[in-house]
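Engineer:
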Amino acid sequence: MLIETRELAKVYRMGDTEVRALAGVSVDIDRGEFVAVTGPSGSGKSTFMNLLGCLDRPSSGEYRLGGRTVSALDGDQLAEARNRHVGFVFQHFNLLPRTTALENVALPLVYAGVSKKERNDRAMRMLERVGLADRAHHHPAQLSGGQQQRVAIARALVSGPLLVLADEPTGALDTRTSLEVMALFHELNRQGMTLVVVTHEPEVARFARRVLRFRDGRIE
Amino acid sequence: MKLGALLHIALRALATNKLRSALTMLGIVIGVGAVIVMVAVGAGARARVEDQIRALGSNLLHVMPGARTQSGLRLPQGSSQTLSEDDAIAINREIPGAIAAPVMRGTAQVVAGNANWATHIYGTSPEYLLVREWPLAAGRGFTPAEMSGAGKVCLVGATVVRELFGGADPIDQVIRIKRVPFTVIGVLGDKGHSAMGSDQDDIIMVPISAARSRVLGTATQARQRAVQSIWVKAADGHDLAGVESQLRALLRQRHRLPPEAGDDFWLRNLQDVLSAQEASSRVLALLLAAVASVSLLVGGIGIMNIMLVSVTERTREIGLRMAVGARTRDILGQFLVEAVTLSLIGGLLGVALGVAGAMAIGAFAGWRIVLSPQAVALAVAFAFVIGVFFGFYPARKAARLDPVEALRFE
């Protein structure tokens, strides 16, 4: 199993009241799966994604990624785990402005301590993979929304992660561009990449082979 | 992460907000510039005082006749004739470690060939050159025979050589002082300007006996062997204060002053005068240092302020960097390097401004300026420290952000 969670729970403390964002989720995801995560807002799907992405630590329960217990790691170890094993795709792309597509894609490699030449080579290969090699030296403001999201996907792939997490990747795109982006995800999955996509759009969820529906901090 | 990569990020971030970065730097630019100017002016003032001490000779006492009261009118210092050449001889004989030189002073028109010049005539003894630490550039000093026999020989200063002889060798030439021919036997070394700004090289020295009987003297002065002043130097290894008290006691005894009477001479310790000048220039430097530190402090606060704004503005960027693997120290380093870059560039610009400002002050105000590389290095180092100190808090704030919160930040 690539991902194993056991009774994963997250409790936020807001003044005197405790909010149980995640109330014990146990789920296994295998290598090469394409999983969609859906549910209404406040259902705990974002919290679940943050835990899967090693951005946050659970209040209780256990999370194993690639056989390694993530729930026991400290801040810098989590940063390293994100750097090596997880690629993120966000709704609003989160590209650095005034920075070329190539440099944006290479950003994770900067923190991995990869030399500049190798960074640029690998980033260029990823841009070719998402079909944007000719836009390598454009800034995000010079790219369309769909192109920006493809740059972001190239960035998620550049360090060769175990899984790619996408949070509403088509939320800011029109229907046609959404389909292009989802087709790209489908292709990546076909090549063996494990994908977990948060979405509330049924058309998007249809691309996935498995759907996890969240409600009140649990999987339905 | 390597420093080069951090520097690259920092420069790009600063270039994004050029005007803001420039305004933030301004505080440091002004602060460092003020430090450079302050040190240059302060060192210049100190160098001037040191030059004056050197020009005057060190460990010096100056004795002048006291004020005289005539028909109830108090005349100026030095107006009486209570000091005589014999006092100087007695000082040399009685006080160990004291070298005294009597001086008779006046001005006269002097002629050499067809050139003429008005200059200061000093009648004195060979000790004067020792006391004033004034070496001869050429020739010889007065012999005992010339001293006792009112020899018609003279030593000339550099200015006189230039004005009378056009810089040619004046030795063995004849100068007529008030129509009395004197042979030049020596040239005085260059002494430069005095503490009061007068040209010390505009001088002709003659044996005091010759001055009294042939050039400057009046009948009364000749009778009393009166002199206008006596310069006294404490020889190396002798305490100036000790010499001063012995000198006072000796002169009171020689002048037969009763214990209740005041001194009939005026004794001045020149070291004290110069120390006071040095102290006042030090106060000025201290004042400027205070202004400069306040300016640097304000500049530092400006950097902190802008860095805090920058951290807030770039919260999402920080979140993204953390999501793709930036560790706490990477973010800390990024913002710290940015703050230090701001302060260092400001510091370097400040050095340029300070050096230019100091030179402008030197050129236009005519103040003496001493620029030292140490002061420049110190100012830049100070700017660096300011950057680290005031950049640390915002950088730590950025590094401590929660990636989940930061990514969600609008």
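First to last, the protein sequences are chains A and B.
For what it's worth, my numbering labels the leading residue of the first sequence as 1, then goes sequentially.
For what it's worth, my numbering labels the leading residue of the second sequence as 1001, then goes sequentially.
Glycine included, every Cβ here is placed at the ideal spot set by N, Cα and C.
All values derive from a computational prediction rather than experimental measurement.
#1: Compute the Euclidean distance between the alpha carbons of Val-1311 (chain B) and Trp-1367 (chain B), then round it to the nearest angstrom.
#2: May I ask you to report which of helix, strand or coil DSSP gives His-186 (chain A)?
#3: Run the CB neighbour count on Glu-103 (chain A), radius 10 Å, all protein chains shown included, and call it buried at 16 or more, exposed below.
#4: What residues in its chain sit with their C-beta under 8 Å from that of Arg-119 (chain A), if we drop five residues either side in the sequence?
#5: Name, going along the chain, the residues of the region 63-88 of chain A whose beta-carbon falls closer than 8 Å to a beta-carbon of chain B.
#6: Could you list the residues in the region 1303-1318 of chain B with a C-beta less than 8 Å from some C-beta on chain A, going in chain order?
#7: Between A:Ala-183, A:Glu-180 and A:Gly-66, which has its C-alpha nearest Met-1 (chain A)'s C-alpha?
#8: Under 7 Å between beta-carbons, which chain B residues line up against Asp-56 (chain A)? List them in chain order, please.
#9: Determine the DSSP secondary structure at Leu-165 (chain A), reduced to helix, strand or coil.
#10: Going by C-alpha to C-alpha distance, which of B:Leu-1014, B:Lys-1152, B:Glu-1094 and B:Val-1273 sits closest to His-1062 (chain B)?
#11: In chain A, which residues lie less than 9 Å from Thr-1341 (chain B) when you measure between Cβ atoms?
#12: Taking a contact to mean a Cβ-Cβ separation below 8 Å, would you say Ala-1399 (chain B) touches Leu-1332 (chain B) in this structure?
#13: For Asp-1190 (chain B), which residues from the same chain have a beta carbon less than 8 Å from its beta carbon, with the 5 sequence-adjacent residues on both sides left out?
#14: Using the Cα positions of Leu-22 (chain A) and Pro-169 (chain A), report the straight-line distance between them to the nearest angstrom.
#15: Just tell me which of A:Arg-20, A:Arg-13 and A:Val-27 has its CA closest to the CA of Arg-6 (chain A).
#16: What are the complete beta strand (DSSP E) segments, minimum 3 residues, inside the region 1265-1351 of chain B?
#17: Report yes or no: is there a C-beta of chain B within less than 8 Å of the C-beta of Tyr-221 (chain A)?
#18: Looking at the C-beta of Val-1337 (chain B), does it have a partner C-beta in chain A at a distance below 8 Å?
#19: Compare the C-alpha of Val-86 (chain A) against each of A:Leu-55, A:Thr-99 and A:Tyr-63 and name the closest.
#20: Give the range of the beta strand (DSSP E) segment to which Glu-62 (chain A) is assigned.
#21: Look up Phe-1182 (chain B) in the DSSP assignment and give the residues it is bridged to.
#22: According to the neighbour-count rule (16 or more other Cβ atoms, all chains shown, within 10 Å of its Cβ), is Met-1415 (chain B) buried or exposed?
#23: Using a Cβ-Cβ distance cut-off of 8 Å, determine whether Arg-13 (chain A) contacts chain B.
#24: If we define contact as Cβ-Cβ less than 8 Å, is Arg-1327 (chain B) a contact residue for chain A?
#25: Is there a C-beta anywhere in chain A that falls below 8 Å from the one on Val-1283 (chain B)?
#26: Considering only residues of the same chain and omitting the five flanking positions on each side of Ile-1053 (chain B), which have a CB-CB separation below 6 Å?
#27: Which residues in chain B sit within 8 Å of Leu-157 (chain A), going by Cβ to Cβ distance?
#28: Roughly how many angstroms lie between the CA atoms of Val-196 (chain A) and Phe-34 (chain A), to the nearest whole one?
#29: Quick one, are the C-beta atoms of Phe-88 (chain A) and Ala-156 (chain A) less than 8 Å apart?
#30: Give me the Cα-Cα distance between Ala-1015 (chain B) and Gly-61 (chain A), rounded to the nearest whole angstrom.
#31: Using 10 angstroms around the beta-carbon of Phe-1409 (chain B), count the other beta-carbons present and answer buried if the total reaches 16, otherwise exposed.
#32: Closer than 9 Å by beta-carbon distance: list the chain A residues that pair up with Asp-1051 (chain B), in chain order.
#33: Mind listing the chain A neighbours of Met-1025 (chain B)? Cutoff is C-beta to C-beta under 9 Å, in chain order.
#34: By DSSP, does Gly-1166 (chain B) sit in helix, in strand, or in coil?
#35: So Val-1243 (chain B) packs on Ala-1101 (chain B), CB below 8 Å; how close in whole Å?
#36: Once you ignore the five residues that flank Leu-1007 (chain B) on each side, which residues in its own chain have a CB closer than 8 Å to its CB?
Structural biologist: This is what the structure holds:
#1: If you number the second sequence from 1, residue 1311 (chain B) lands on position 311. If you number the second sequence from 1, residue 1367 (chain B) lands on position 367. C-alpha separation (whole angstroms): 46 Å.
#2: Residue numbering aside, residue 186 (chain A) sits at position 186 when the first sequence is read from its first letter. In this structure, His-186 (chain A) counts as helix in the three-state DSSP scheme.
#3: The residue labelled residue 103 (chain A) in the question sits at position 103 within the first sequence. Counting Cβ neighbours within 10 Å, Glu-103 (chain A) comes out buried, since at least 16 surround it.
#4: The count along the first sequence starts at 1 and reaches residue 119 (chain A) at position 119. Around Arg-119 (chain A): Ala-106, Leu-109 and Val-110.
#5: Gly-75, Asp-76, Ala-79, Glu-80, Arg-82, Asn-83, Arg-84 and Phe-88
#6: Within the region 1303-1318 of chain B, the residues whose Cβ lies closer than 8 Å to any Cβ of chain A are, in chain order, Arg-1316 and Glu-1317.
#7: If you number the first sequence from 1, residue 1 (chain A) lands on position 1. Checked all of A:Ala-183, A:Glu-180 and A:Gly-66; the closest Cα to Met-1 (chain A) is A:Gly-66.
#8: Against the first sequence, residue 56 (chain A) aligns to sequence position 56. The answer, in chain order, is Val-1404.
#9: The count along the first sequence starts at 1 and reaches residue 165 (chain A) at position 165. Here Leu-165 (chain A) sits in strand by DSSP.
#10: In the second sequence, the residue the question calls residue 1062 (chain B) occupies position 62. Answer by Cα proximity: B:Val-1273.
#11: Start at 1 with the first residue of the second sequence, and residue 1341 (chain B) comes out as number 341. Those within 9 Å of Thr-1341 (chain B) in chain A number zero; the least Cβ separation is about 17 Å.
#12: Sequence index remark: in the second sequence, residue 1399 (chain B) carries index 399 (1-based). Sequence index remark: in the second sequence, residue 1332 (chain B) carries index 332 (1-based). Closer than 8 Å, so yes.
#13: Working through the second sequence from its first residue, we reach residue 1190 (chain B) at position 190. Correct list, in chain order: Ala-1137, Ala-1158 and Asp-1201.
#14: Sequence index remark: in the first sequence, residue 22 (chain A) carries index 22 (1-based). Sequence index remark: in the first sequence, residue 169 (chain A) carries index 169 (1-based). Each residue's alpha carbon lies about 22 Å from the other.
#15: On the first sequence, residue 6 (chain A) is found 6 positions in, with the first residue counted as 1. Measuring from the Cα of Arg-6 (chain A), the nearest candidate turns out to be A:Val-27.
#16: 1265-1269
#17: This structure leaves residue 221 (chain A) out entirely; chain A is present only between 1 and 220.
#18: In the second sequence, residue 1337 (chain B) corresponds to position 337, counting from 1. No, because no Cβ of chain A sits closer than 8 Å to the Cβ of Val-1337 (chain B).
#19: Taking the first residue of the first sequence as 1, we reach residue 86 (chain A) at position 86. Considering only alpha carbons, the answer is A:Leu-55.
#20: Reading the first sequence from its first residue, position 62 is the one you call residue 62 (chain A). From DSSP, the beta strand (DSSP E) with Glu-62 (chain A) extends over 60-65.
#21: Walking along the second sequence from the start, residue 1182 (chain B) turns up at place 182. Note: Phe-1182 (chain B) sits in a beta bridge opposite B:Ile-1175.
#22: Outside the modelled stretch of chain B, which goes from 1001 to 1410, sits residue 1415 (chain B), for which no answer is possible.
#23: In the first sequence, counting from the first residue as 1, residue 13 (chain A) sits at position 13. Answer no: the Cβ-Cβ gap between Arg-13 (chain A) and chain B never drops below 8 Å.
#24: Your numbering for residue 1327 (chain B) matches position 327 in the second sequence. Yes, because at least one Cβ of chain A sits closer than 8 Å to the Cβ of Arg-1327 (chain B).
#25: Indexing the second sequence from 1 puts residue 1283 (chain B) at position 283. No, its Cβ sits nowhere closer than 8 Å to a Cβ of chain A.
#26: Reading the second sequence from its first residue, position 53 is the one you call residue 1053 (chain B). Taken in chain order, the residues that qualify are Leu-1274.
#27: Sequence index remark: in the first sequence, residue 157 (chain A) carries index 157 (1-based). Result: empty, since nearest Cβ-Cβ is about 12 Å, beyond 8 Å.
#28: Within the first sequence, the letter at position 196 stands for residue 196 (chain A). Within the first sequence, the letter at position 34 stands for residue 34 (chain A). C-alpha separation (whole angstroms): 6 Å.
#29: Here residue 88 (chain A) is taken as the residue at index 88 of the first sequence, counted from 1. Here residue 156 (chain A) is taken as the residue at index 156 of the first sequence, counted from 1. Against a cut-off of 8 Å, the Cβ pair of Ala-156 (chain A) and Phe-88 (chain A) comes out as a contact.
#30: Counted from its first residue, the second sequence places residue 1015 (chain B) at position 15. Counted from its first residue, the first sequence places residue 61 (chain A) at position 61. Their backbone Cα atoms lie some 46 Å apart in a straight line.
#31: What you label residue 1409 (chain B) is simply residue 409 of the second sequence in a count that begins at 1. Answer is exposed; the Cβ neighbour count stays below 16.
#32: Numbered from 1 along the second sequence, position 51 holds the residue referred to as residue 1051 (chain B). None at all; the shortest Cβ gap to chain A is about 57 Å.
#33: Taking the first residue of the second sequence as 1, we reach residue 1025 (chain B) at position 25. In chain order: nothing, as chain A lies at least about 20 Å away.
#34: Taking the first residue of the second sequence as 1, we reach residue 1166 (chain B) at position 166. Reduced to three states, the DSSP call for Gly-1166 (chain B) is coil.
#35: Along the second sequence, read from residue 1 onward, the residue named residue 1243 (chain B) stands at position 243. Along the second sequence, read from residue 1 onward, the residue named residue 1101 (chain B) stands at position 101. Not confirmed; about 14 Å, so no contact.
#36: Within the second sequence, the letter at position 7 stands for residue 1007 (chain B). Hits under 8 Å: Val-1337 and Thr-1341.
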